[in-house]
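First comes the structure, then the notes that go with it.
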Amino acid sequence: MKGSGRSGAFFLLAPALVFIVLLFLYPFAYGLFLSLTKADGAFTIGNYARFFSDARDLRTVWTTLTIAVPVTFVNVGLAIPFSYYMRRGAKGEKIITFFLIVPITLGTVLVSEGMLSYMGPNGWLNQLLMALRVVKAPFRFTHNYLGVVISLGLQGFPYAFLMLLGYVSGISPDLEKASQMLGASKAQTFWKVLFPLMVPGIAISFCLNFVMAFSVFPSAVLLGQPSGPTRVISIAAYQWAFEKFNFNAASAISMLMAAIELVIISIVLVWRGRTYKGASIVGKG
Amino acid sequence: MKDFKRISVRRMTKRFGEKTAVRDFSLEFGKGEFVTFLGPSGCGKSTALNCITGLIPITSGEIFIDDECIDDSRVKVPPERREFGMVFQNYALFPHLTVRENVAFGLKLRRLGRVEIERRVGEALKLVHLEGYAAKYPAQMSGGEQQRVAIARCIVLEPRLLLLDEPLSNLDAKLRVELRYELKALHERLKVTTIYVTHDQTEALALSDRIVVLKSGAIQQVGSPPMIFSNPANLFVADFVGFKNAWKARIESMSEKADVLEAEIRVRGQALKARLPYPDGDRRRAAIVKAFLSGDTVRTAIRPEDIRVGSYPGMNSLRCIASLVEYQGHASQVSAALASCGDDAEGEPGERVDLRSAIPVVEGDCLDAAIAPDSILVFPEPSRGPEDDEAQEYST
Numbered sequence: 000m001k002g003s004g005r006s007g008a009f010f011l012l013a014p015a016l017v018f019i020v021l022l023f024l025y026p027f028a029y030g031l032f033l034s035l036t037k038a039d040g041a042f043t044i045g046n047y048a049r050f051f052s053d054a055r056d057l058r059t060v061w062t063t064l065t066i067a068v069p070v071t072f073v074n075v076g077l078a079i080p081f082s083y084y085m086r087r088g089a090k091g092e093k094i095i096t097f098f099l100i101v102p103i104t105l106g107t108v109l110v111s112e113g114m115l116s117y118m119g120p121n122g123w124l125n126q127l128l129m130a131l132r133v134v135k136a137p138f139r140f141t142h143n144y145l146g147v148v149i150s151l152g153l154q155g156f157p158y159a160f161l162m163l164l165g166y167v168s169g170i171s172p173d174l175e176k177a178s179q180m181l182g183a184s185k186a187q188t189f190w191k192v193l194f195p196l197m198v199p200g201i202a203i204s205f206c207l208n209f210v211m212a213f214s215v216f217p218s219a220v221l222l223g224q225p226s227g228p229t230r231v232i233s234i235a236a237y238q239w240a241f242e243k244f245n246f247n248a249a250s251a252i253s254m255l256m257a258a259i260e261l262v263i264i265s266i267v268l269v270w271r272g273r274t275y276k277g278a279s280i281v282g283k284g
Numbered sequence: 000m001k002d003f004k005r006i007s008v009r010r011m012t013k014r015f016g017e018k019t020a021v022r023d024f025s026l027e028f029g030k031g032e033f034v035t036f037l038g039p040s041g042c043g044k045s046t047a048l049n050c051i052t053g054l055i056p057i058t059s060g061e062i063f064i065d066d067e068c069i070d071d072s073r074v075k076v077p078p079e080r081r082e083f084g085m086v087f088q089n090y091a092l093f094p095h096l097t098v099r100e101n102v103a104f105g106l107k108l109r110r111l112g113r114v115e116i117e118r119r120v121g122e123a124l125k126l127v128h129l130e131g132y133a134a135k136y137p138a139q140m141s142g143g144e145q146q147r148v149a150i151a152r153c154i155v156l157e158p159r160l161l162l163l164d165e166p167l168s169n170l171d172a173k174l175r176v177e178l179r180y181e182l183k184a185l186h187e188r189l190k191v192t193t194i195y196v197t198h199d200q201t202e203a204l205a206l207s208d209r210i211v212v213l214k215s216g217a218i219q220q221v222g223s224p225p226m227i228f229s230n231p232a233n234l235f236v237a238d239f240v241g242f243k244n245a246w247k248a249r250i251e252s253m254s255e256k257a258d259v260l261e262a263e264i265r266v267r268g269q270a271l272k273a274r275l276p277y278p279d280g281d282r283r284r285a286a287i288v289k290a291f292l293s294g295d296t297v298r299t300a301i302r303p304e305d306i307r308v309g310s311y312p313g314m315n316s317l318r319c320i321a322s323l324v325e326y327q328g329h330a331s332q333v334s335a336a337l338a339s340c341g342d343d344a345e346g347e348p349g350e351r352v353d354l355r356s357a358i359p360v361v362e363g364d365c366l367d368a369a370i371a372p373d374s375i376l377v378f379p380e381p382s383r384g385p386e387d388d389e390a391q392e393y394s395t
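Chains A and B are the protein sequences, given in the same order. For the first sequence, position 1 matches number 0 in numbering that gives the first Met the number 0, and the numbering has no gaps at all. For the second sequence, position 262 matches number 261 in numbering that gives the first Met the number 0, and the numbering has no gaps at all.
Dropping the structure here:
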């Protein structure tokens, strides 16, 4: 038994490894290969050079960041107080969680369709606002920057919230009591004890939310103005691949997307490392 | 620290919905006193402690420090402004802070200067023998060391009242004894007023000036360790501090003296003389006299260590048959059935006798058990009200 231990462990790992190789490593390597070749297979860095010299494509990086970064900050920023107030459970917690999960299960397209009709010029939201005389003419919630942001908020907030809730409710309530007994007010306890312990969770949920928002595609097409203000980087990649049938150029854009995401994730992880110096044990003491 | 003479808790009650966790709890603490709340799990001792800190709001009652009201129906000083310190069973150290930062936490909140903080943290760590640990994180330390940090974190603030909630329960037996000594030494030195919560009678006896025994949220007895140990107020306290042999008995006769009550009792046909240390005016005395007059059954309480094997002049002699013998080194723990030895062993089992024997005993042996009259206590049969679910424990 002892001798077969290692190979036994390998066989247990095998299915996961096969998945990772087939669904992640191979496509990634293939994409990298495509991005560095011409259509005939010859090596080139022209695909990247083209992207950086094409002002319209280059602008998509900025456009995407102006959508993804604020959305991520809002989602995580809202998730922190929400998860804090619900850390010991709250009345109607199940109902709240249910309504938060619904947008995830419905999928982006259905949520976008819903928003188009409810928030459109003749939707009930605008009718309500006009009836209440908040606005004179229908307010444009959709087919612009705001529409994409709202949709990403609906989709991303539940992830951030549920993830942080798991983190905060895992912190021993005795730590809060201890802090209070040492003379800390509620606010001081939050900033000196809970927040530092939440930092790893905040960092992870920020990264996930950012990656989701940065690779936005359906919302940007359905709820935004894909030709202009919300022409995000994934739209550029899509157009090169399926309108111009240049997979090499599209692959280069995908690789750049990954690189930008990695840069942002690294920044967040560096922040996490500086803020949270303690051991990885949360609150168990 | 604001100086004070005494802390008074008056008729403190805490209800969670239908359940009363703490009932009419009244107690006074003198400055510098070490008071222990002792009781089984679920008796409300931790709740009582948390009510005094303010972490759990009380339903009714009041808490005073001298004339300063800190909790009643109108005033409620929040926990962070009561200047109490609390040590938790699971230490509750901040895992993201070093030992130094943990101990300095409260000092920084009080906006003291850097030099003074440094000095006081150093002193506190020295007091708990943790010099050189200042830069470590809690996760890098053993349980005993972590608990010392937790204690240092409290005493560095010179709290008016130090509350310890089962601080030794998470430690192994050896460390528990070590840290118990240290707590005692620390209290001797600092004389900080302390409330200590435990379910361990040894800890309570070793540390306390006074012990408060609790059951179902109500105080059963308040007294010095020797008093609780040798003169429990009722069968519950007796059981909790190590009395066993709660046999059903009837009182045949009694004579009242000024400081003792002499009674002849009968347990399963065998007669016993008891000299009960219940002076005139004692509630227990009144209850026993009442039981005698109305012919009610009573319960005995005798420590296993007070029952010897053999016949001794001037002592009661009981006959019993050993049914289970547990060798424990210097003595054996013997379970026996009360029965005269001619009895059929297959017959109805008698009352169980728990005794400790220094001489070897074999299962099935017929024993003469000797009990001195003044090692027997007698209590009225516990009432079986709705709050006395534990009462049935005595029937075994």
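Yeah, the Cβ is synthetic: ideal placement off N, Cα and C, and Gly gets one too.
Rounded to whole angstroms, what's the CA-CA distance from Ile-44 (chain A) to Trp-239 (chain A)? Just pull it up for me. 16 Å
Query raised in the report: Considering only residues of the same chain and omitting the five flanking positions on each side of Gly-296 (chain A), which have a CB-CB separation below 7 Å?
Result: Residue 296 (chain A) lies beyond the stretch modelled for chain A, which goes from 0 to 284, so this question has no answer here.
Could you give the distance in angstroms between the alpha-carbon of Gly-346 (chain B) and the alpha-carbon of Ser-339 (chain B)?
-> Low per-residue confidence applies at Gly-346 (chain B): pLDDT is 48, beneath 50, and the placement is therefore not dependable, though the value from the model is reported in the following sentence. Rounded to whole angstroms, Gly-346 (chain B) to Ser-339 (chain B) spans 12 Å at the Cα level.
Cβ neighbour criterion (16 or more within 10 Å) applied to Asp-279 (chain B): exposed
Item checked: Proximal residues of chain B, C-beta to C-beta of Pro-195 (chain A) below 7 Å -> His-95
Roughly how far, in whole angstroms, is the beta-carbon of Phe-156 (chain A) from the beta-carbon of Ala-78 (chain A), given that I think they are within contact range, below 8 Å? 6 Å
Practice problem: Identify the continuous alpha helix (DSSP H) that holds Asn-315 (chain B) and give its terminal residues. | Solution: From DSSP, Asn-315 (chain B) is part of no alpha helix (DSSP H) but of the beta strand (DSSP E) over 315 to 326.
- Task: In angstroms with no decimal places, state the Cα-to-Cα distance between Met-256 (chain A) and Thr-52 (chain B).
- Result: 55 Å
Next on the checklist: On the criterion of 16 or more Cβ atoms from any shown chain inside 10 Å, does Val-333 (chain B) qualify as buried, or is it exposed?
Outcome noted: buried
I'd like to know whether the C-beta of Gly-2 (chain A) is nearer than 7 Å to at least one C-beta of chain B.
Because the pLDDT of Gly-2 (chain A) is 49, which lies under 50, any placement of that residue in the model is unreliable, and the number read from its coordinates should be weighed accordingly. So, not an interface residue.
Which residues of chain B have a Cβ atom closer than 9 Å to the Cβ of Ser-184 (chain A), listed in chain order? Pro-77, Glu-79, Leu-108
If the cut is a Cβ gap below 8 Å, which residues of chain A does Leu-54 (chain B) touch?
Lys-176, Gln-179, Met-180
- Report, in whole angstroms, the separation of the C-beta atoms of Arg-179 (chain B) and Leu-206 (chain B), which I expect to be a contact under 8 Å. 7 Å
Taking 7 Å as the CB-CB cut-off, is Asn-89 (chain B) touching chain A? yes
Partner residues on chain B for Val-192 (chain A), Cβ-Cβ distance less than 7 Å: Phe-93
Discussion item. With a threshold of 6 Å on Cβ separation, who are the neighbours of Asp-305 (chain B) within its own chain once the five nearest residues in sequence on each side are excluded?
Written reply: Ser-374
Which residue spans inside the region 141 to 190 of chain A form an unbroken alpha helix (DSSP H) run of at least 4?
144 to 168, 172 to 180, 185 to 188
Distance, Cα to Cα, Leu-268 (chain A) vs Gly-223 (chain A)? 31 Å
Who are the near neighbours of Ser-322 (chain B) in its chain, counting only those whose CB is closer than 7 Å to its CB and skipping five residues on each side?
Ser-334, Ala-335, Ala-336, Glu-362
Would you kindly check if the distance between the Cβ of Ile-227 (chain B) and the Cβ of Val-211 (chain B) is under 7 Å? no
- Item | Counted within 10 angstroms of its Cβ, other Cβ atoms place Asn-121 (chain A) as buried (16 or more) or exposed | exposed
Considering only the beta carbon of each residue, do Tyr-195 (chain B) and Leu-167 (chain B) sit closer than 7 Å? no
Between the CA atoms of Leu-161 (chain A) and Gly-105 (chain B) - distance to the nearest angstrom = 32 Å
I need the boundaries of the beta strand (DSSP E) containing Val-333 (chain B), first residue and last residue. 331 to 337
Just to confirm, is the Cβ distance from Pro-78 (chain B) to Met-180 (chain A) under 7 Å?
yes
What is the C-beta distance between Ile-64 (chain B) and Ile-6 (chain B), in whole angstroms, given that I count them as a contact (C-beta under 8 Å)? 5 Å
Excluding five sequence neighbours on each side, which residues of the same chain lie with their C-beta closer than 8 Å to the C-beta of Leu-11 (chain A)? none
inquiry  = Using DSSP's beta-bridge definition, name the partner residues of Val-308 (chain B).
reply    = B:Ala-368
Ends of the alpha helix (DSSP H) at Leu-182 (chain B)? 172 to 189
Self-check item: Among B:Asn-101, B:Thr-19, B:Leu-160, B:Val-114, the one whose alpha carbon lies nearest that of Met-85 (chain B)
Solution: B:Leu-160
Next on the checklist: DSSP has Lys-214 (chain B) in a bridge; who is on the other side?
Outcome noted: B:Ala-217
Review point. If Thr-12 (chain B) sits next to Ser-59 (chain B), beta carbons under 8 Å apart, how far is it from one beta carbon to the other, in whole angstroms?
Key: 5 Å
Runs of 4 residues minimum, wholly inside the region 69 to 98 of chain A: which ones carry the alpha helix (DSSP H) assignment? none
Tell me where the beta strand (DSSP E) around Pro-379 (chain B) begins and ends.
376 to 379
Tell me the residue span of the beta strand (DSSP E) that contains Asp-66 (chain B). No beta strand (DSSP E) holds Asp-66 (chain B); DSSP gives it neither H nor E.
Using the three-state DSSP reduction, which class does Ala-248 (chain B) fall into: helix, strand or coil?
strand
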